[in-house]
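FYI, in the working numbering the residues of the sequence shown are 2 to 715.
A quick write-up on the structure given underneath.
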Amino acid sequence: MSFPTTIKQRAFKFPPPPLKNLNFPFTFPQLFSSSSRSSIDEESFYTSLLEKSSHKVHLSQIHNQLYIHGLQNNGFIITKFIHVSSKLKDINYARQVFDEFPDKYVFLWNAIIKGYSMHNILDKVVEMYSRMQRAFVSPDTFTFPHVLKACGGLRAVGYGRAVHAQIFRHGFEDDVVVQNALLSFYVKCGENCLGRIIFEGLSNRNVVSWTSIISGYAQSGQPMEALRIFRDMRGSDVKPDWIALVSVLKAYSDVEELSQGRCLHGLAIKIGHEFEPDLQIALTSLYAKCGQVMAAKSLFDQMKSGNVILWNAMISGFAKNGHANEALELFTEMISRNFQPDAVTIQSSVLASAQLGSLEQAKWMDNYVDNSKFRDNLIVSTALIDMYAKCGSVESARKVFNRIAYKDVVVWSAMIMGYGLHGWGREAINLFSEMKDAGVRPNDVTFLGLITACSHSGLVEEGWEFFLSMKDYGVEPHQKHFAGVVDLLGRAGYLEKAHNFITALPAEPGVSVWGALLSACKVHRRVTLGEFAAEKLFTLDPLNTGHYVQLSNLYASARMWDGVAKVRVLMKSKGLNKDLGYSNIEINGKLQTFRIGDKSHPRSDEIYKKLEWLEMRLLECGFMTDTESALHDLDNEDKEVTLCNHSERLAIACGLISTSPGTTLRITKNLRACVNCHLATKLISKFVNREIVVRDANRFHHFKDGNCSCGDYW
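Next up, the structure:
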């Protein structure tokens, strides 16, 4: 349908307002009278008027005047009209004008294609390009970039390749703008190899060319290649813009290369891009991921207006670096400021709740998710299972698991890992059978959970069979599986088998493998083999305090005080200090922290009186403190006092005076529970008639009626 030839035939949907209300810099009356019309450049006048338009109403009135003066078919003016209409966010009006134009030429097609591209209506871009081809209108250098952008956004690889062929057909294979668009299309679709071919073939690479290929590798999980190309870019005459810096910062963040990231921060300041919002987000993410949470927070606080990506970077940074309280405070602030969290936000906040170990906080988080749009999100639900397991409630984790309608391998594996963390070996094995019956194929995490569960339950044969069966499912074992098997054998006392297993490994054993062997040697007092494992650890991970402490404890358990002294000297020479032990206990939804011999609590006098009462009851039950592993330069009386004042004993005493009878006490400890405290807590659970749940550095212990869920096997 073409436009009517006279204004009388045109029907407006909305009558245009009077011209006097439009505030144009000049007016229409008598401007195009018969006497003056020849002296006016009509195209210049209307294009200037369109450029000064600031409201959709202006467009309607200008369109009216075009009909009055017979300019409705002027291609130059109508093309400008479509551009301006698109800018004023009236793409539907632009499309109406386009459809009614009789003879459409390439600039008109480009105008409507660009309009849809500007509004990110990508399917319409492809549709209009297809119509353009059917109309036998040849595209030009301005057509292809918008069409390729749409193909990249839609991940329409096949259609984009057809466009690539048309680029050659129409002779634009050397056009740098078109080639950059083609490069960007391929990398957005994950076709980095094809993008690289385009890039290498460019004779004139500009900043867009370099940025596109760097972004492609950075976004597809190939940060080292992205950084290598960036180094080549720095060696060329092309200077990076802030968009290139964002991609490079992501690559540095992925490889956690803080020093180079800082250098890039300096470069951004030097070239004046430090206040670009996307760049600030990338910098915040880099610092947060590399553990520099205060630097990240400083950048975060400088942002005038954040978005969910920025909040996610900060919350995730806090959560992944052990700042659980700060992560949850930020999450609460985000909600209060009406920012809508996404699945990544929720997952990071659930992770922080898991680290905190507070069951009350875990329940609050679960309730928030249950009343949000993320209730059926698999990633979030899986994180909730892990959270509840780490907060000591396997039952709650199982409830979340049961309410998930579609369970993929990640969900099943999370629940199996939860059972493994608590040493519920049989439950983990039974769940694995259900998983197979449901037709879900296990992955590497599934088997890690099974081996861990068997290791913590003394199910040596079952754990070994699971390890051997990995090949039946095409799952390649890695270092964590190897460490799990060493732990499985070592805990059960099969240290020679564990050592033989290590020497037969197809890959070089890592820190986790030798660490598992050293831990087993400490339990079974195998000094020579333990020394061998420790030497390997000192080579692989020389600044990890835990390895030295393990060896020292091994010497102490064997009463080899010279060995203990040598380890202390070695630690001092390396500037290493033993991690201080602490325990948290949750009371009325709040966590309270204790260290060995701590007297800072407001109710300290009551706590120590309760502790004295507990020690008296323990003595009545025949409990004797084992001082063999204590520091050898303390006399026996001091050793006993020190052991009685261990942080978890203080936490238990505080819990007993602060909660009503029968309330479960939930304690988290940063170090492995010692033999004395483990035995004492079993007895305490019996004579106070309480369940005491303790999460130490290795696993959960559920103490009840004088027994522990680990079966004294930890």
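Cβ atoms here follow ideal geometry from the backbone N, Cα and C, with glycine treated the same way.
Practice task
Let me know the secondary structure DSSP gives His702 once reduced to three states.
Solution key: One-based indexing of the sequence shown puts residue 702 at position 701. His702 falls in the strand class under three-state DSSP.
Handout entry: Under the three-state DSSP convention, the category Glu587 falls into
Key = Sequence index remark: in the sequence shown, residue 587 carries index 586 (1-based). For Glu587, the secondary structure class from DSSP, reduced to helix, strand or coil, is strand.
Problem - Spatial neighbours of Tyr288 in its chain, beta-carbon cut-off 8 Å, leaving aside the 5 residues before and after - result: Residue numbering aside, residue 288 sits at position 287 when the sequence shown is read from its first letter. Leu259, Gly262, Val294, Ala296, Ala297, Leu300, Gly318.
Handout entry: Euclidean distance between Cα positions of Ile668 and Gly491
Key = Reading the sequence shown from its first residue, position 667 is the one you call residue 668. Reading the sequence shown from its first residue, position 490 is the one you call residue 491. Between Ile668 and Gly491, the alpha-carbon positions lie close to 27 Å from each other.
Exercise for the section: State buried or exposed for Tyr474, treating a residue as buried only when at least 16 other CB atoms are found within 10 Å of its CB. Expected result: Indexing the sequence shown from 1 puts residue 474 at position 473. So Tyr474 counts as exposed.
Problem - Cβ shell of Arg96 (< 7 Å), same chain only, five flanking positions each side left out - result: Counting from one through the sequence shown, the residue named residue 96 turns up at place 95. Within the same chain, Arg96 has close Cβ partners Ile113.
Handout entry: For Phe143, the three-state DSSP class (helix, strand or coil)
Key = Working through the sequence shown from its first residue, we reach residue 143 at position 142. In the structure shown, Phe143 sits in coil (DSSP, three-state: anything other than H, G, I, E or B).
Practice task
Report the residue from Phe688, Arg673, Asn313 whose alpha carbon sits nearest the alpha carbon of Asp580.
Solution key: As a working mapping, residue 580 is identified with position 579 in the sequence shown. The closest CA to that of Asp580, considering only Phe688, Arg673, Asn313, is found on Arg673.
Handout entry: Neighbourhood of His147 by C-beta, 7 Å cutoff - its chain only, sequence neighbours within 5 removed
Key = The count along the sequence shown starts at 1 and reaches residue 147 at position 146. Contacts found: Ile114, Lys115, Ser118, Val126.
Problem - Three-state secondary structure (DSSP) of Thr28 - result: Translated into positions along the sequence shown, residue 28 becomes position 27. Residue placement at Thr28 is flagged as unreliable, the pLDDT there being 45, under the threshold of 50; a coordinate-derived value is accordingly withheld.
Handout entry: Element boundaries [alpha helix (DSSP H), containing Lys670]
Key = Reading the sequence shown from its first residue, position 669 is the one you call residue 670. Premise fails: Lys670 lies in the beta strand (DSSP E), 666 to 670, not in any alpha helix (DSSP H).
Practice task
Give the DSSP-derived three-state secondary structure of Asn690 in the structure shown.
Solution key: What you label residue 690 is simply residue 689 of the sequence shown in a count that begins at 1. Correct three-state label for Asn690: coil.
Practice task
Scan the region 230 to 265 and note each continuous alpha helix (DSSP H) run of 4 residues or more that stays entirely inside, going in chain order.
Solution key: Fully enclosed alpha helix (DSSP H) runs of 4 or longer: 243 to 255.
Handout entry: Rounded C-alpha distance that separates Thr7 from Arg132
Key = Counting from 1 along the sequence shown, the entry for residue 7 is found at position 6. Counting from 1 along the sequence shown, the entry for residue 132 is found at position 131. Per-residue confidence for Thr7 stands at a pLDDT of 32, beneath the threshold of 50, marking its modelled position as unreliable; the derived number appears in the next sentence. The alpha-carbon of Thr7 is positioned some 29 Å away from that of Arg132.
Exercise for the section: Spell out the partners DSSP gives Asn708 in its beta bridges. Expected result: Numbered from its first residue, the sequence shown carries residue 708 at position 707. In the DSSP assignment, Asn708 forms a beta bridge with Lys705.
Exercise for the section: For Leu496, name the three-state secondary structure that DSSP assigns. Expected result: Taking the first residue of the sequence shown as position 1, residue 496 is located at position 495. Per DSSP, reduced to three states, the secondary structure at Leu496 is helical.
Problem - Boundaries of the alpha helix (DSSP H) in which Gln348 is found, first to last residue - result: Position 347 of the sequence shown, counted from the start, is the residue given in the question as residue 348. Its alpha helix (DSSP H) spans residues 344 to 357.
Handout entry: Same chain only: Cβ atoms within 6 Å of Asp242, ignoring 5 sequence neighbours per side
Key = Within the sequence shown, residue 242 is the residue found at index 241, counting from 1. Non-local C-beta neighbours of Asp242 in its own chain, meaning closer than 6 Å and more than five positions away in sequence, comprise Val208, ordered along the chain.
Handout entry: Assigned secondary structure, Phe595 (DSSP; H/G/I helix, E/B strand, else coil)
Key = Locating residue 595 in the sequence shown gives position 594, counting from the first residue. Here Phe595 sits in strand by DSSP.
Handout entry: Buried/exposed call for Ala505, threshold 16 Cβ in 10 Å
Key = Your numbering for residue 505 matches position 504 in the sequence shown. Taking a 10 Å sphere around the C-beta of Ala505, we find fewer than 16 other C-beta atoms and assign the residue as exposed.
Practice task
Mind listing, in chain order, the continuous alpha helix (DSSP H) runs of no fewer than 4 residues lying wholly within the region 485 to 563?
Solution key: Runs found: 496 to 504, 512 to 525, 528 to 541, 546 to 558.
Problem - 6 Å CB neighbourhood of Leu329 in its chain, flanking five on each side removed - result: For the purposes of this step, residue 329 is identified with residue 328 of the sequence shown, where counting begins at 1. When the five nearest sequence neighbours on each side are left out, the beta carbons in the same chain lying within less than 6 Å of the beta carbon of Leu329 are those of Ala353, in order along the chain.
Handout entry: Cβ separation of Leu489 and Trp515, assumed to be a contact under 8 Å, to the nearest whole Å
Key = Taking the first residue of the sequence shown as 1, we reach residue 489 at position 488. Taking the first residue of the sequence shown as 1, we reach residue 515 at position 514. Contact doesn't hold; Cβ gap of about 15 Å is too wide.
Handout entry: Whether Leu519 touches Ala534 by CB criterion (8 Å)
Key = Taking the sequence shown and counting its residues from 1, the one referred to as residue 519 is at position 518. Taking the sequence shown and counting its residues from 1, the one referred to as residue 534 is at position 533. In contact: Leu519 and Ala534 (Cβ atoms closer than 8 Å).
Practice task
With a threshold of 16 other CB atoms inside 10 Å of the CB of His274, please say whether the residue is buried or exposed.
Solution key: Taking the first residue of the sequence shown as 1, we reach residue 274 at position 273. Flag for His274 reads buried.
Practice task
Ignore the nearest five residues each way along the sequence and tell me which others in Ser34's own chain have a CB closer than 6 Å to its CB.
Solution key: Here residue 34 corresponds to residue number 33 of the sequence shown, with the count starting at 1. Here Ser34 scores only 41 on pLDDT, less than 50, and its place in the model is too uncertain to base an answer on.
Problem - For Asp104 and Ala12, the rounded distance between their alpha carbons - result: Position 11 of the sequence shown, counted from the start, is the residue given in the question as residue 12. Position 103 of the sequence shown, counted from the start, is the residue given in the question as residue 104. Note that Ala12 scores 34 on pLDDT, short of 50, meaning its location in the model is unreliable; the coordinates nonetheless yield the value given after this. Taking C-alpha positions only, Ala12 is separated from Asp104 by approximately 22 Å.
Problem - Which of helix, strand or coil DSSP assigns to Arg696 - result: Within the sequence shown, residue 696 is the residue found at index 695, counting from 1. Secondary structure of Arg696 (DSSP, three-state): strand.
Problem - Reference Asp377, options Leu360, Gly393, Ala390, Val401, closest by Cα - result: In the sequence shown, counting from the first residue as 1, residue 377 sits at position 376. Residue Val401 is the option with its Cα nearest to Asp377.
Practice task
Determine the burial state of Glu497: buried for a count of at least 16 other Cβ atoms within 10 Å of its Cβ, exposed for fewer.
Solution key: The sequence position of residue 497 within the sequence shown is 496, counting from 1. Exposed: under 16 other Cβ atoms inside 10 Å.
Exercise for the section: Can you give me the Cβ contacts of Val523 inside the same chain, cut-off strictly under 7 Å, excluding the 5 residues immediately before and after it? Expected result: Mapped onto the sequence shown, residue 523 falls at position 522. The question names Val, but residue 523 in the sequence shown is Lys. Within the same chain, Gly531, Gln551, Asn554, Leu555, Ser558 come within 7 Å of Lys523 by CB-CB distance, once the 5 residues on both sides are set aside.
Practice task
Take every Cβ of the region 606 to 625, pair it with every Cβ of the region 564 to 584, and state whether three or more of those distances are shorter than 8 Å.
Solution key: The region 564 to 584 and the region 606 to 625 do not touch, with fewer than three beta-carbon pairs separated by less than 8 Å.
Handout entry: Stretch pair the region 421 to 438 + the region 449 to 460: three plus CB contacts closer than 8 Å
Key = The answer is yes - the region 449 to 460 touches the region 421 to 438, with three or more Cβ pairs under 8 Å.
Problem - Asp580 in three-state terms, based on DSSP - result: Your numbering for residue 580 matches position 579 in the sequence shown. Asp580: coil per DSSP, three-state reduction.
Handout entry: Residue burial classification, Ser661 (beta-carbon count within 10 angstroms, cutoff 16)
Key = Numbered from 1 along the sequence shown, position 660 holds the residue referred to as residue 661. Of the other Cβ atoms in all chains shown, fewer than 16 fall within 10 Å of the Cβ of Ser661; this residue is therefore exposed.
Practice task
Using 7 Å as the cut-off, classify the Cβ of Tyr474 as near or not near the heavy atoms of the ligand GTP, replying yes or no.
Solution key: In terms of ligand content, the structure shown is empty, and the ligand GTP therefore cannot be addressed.
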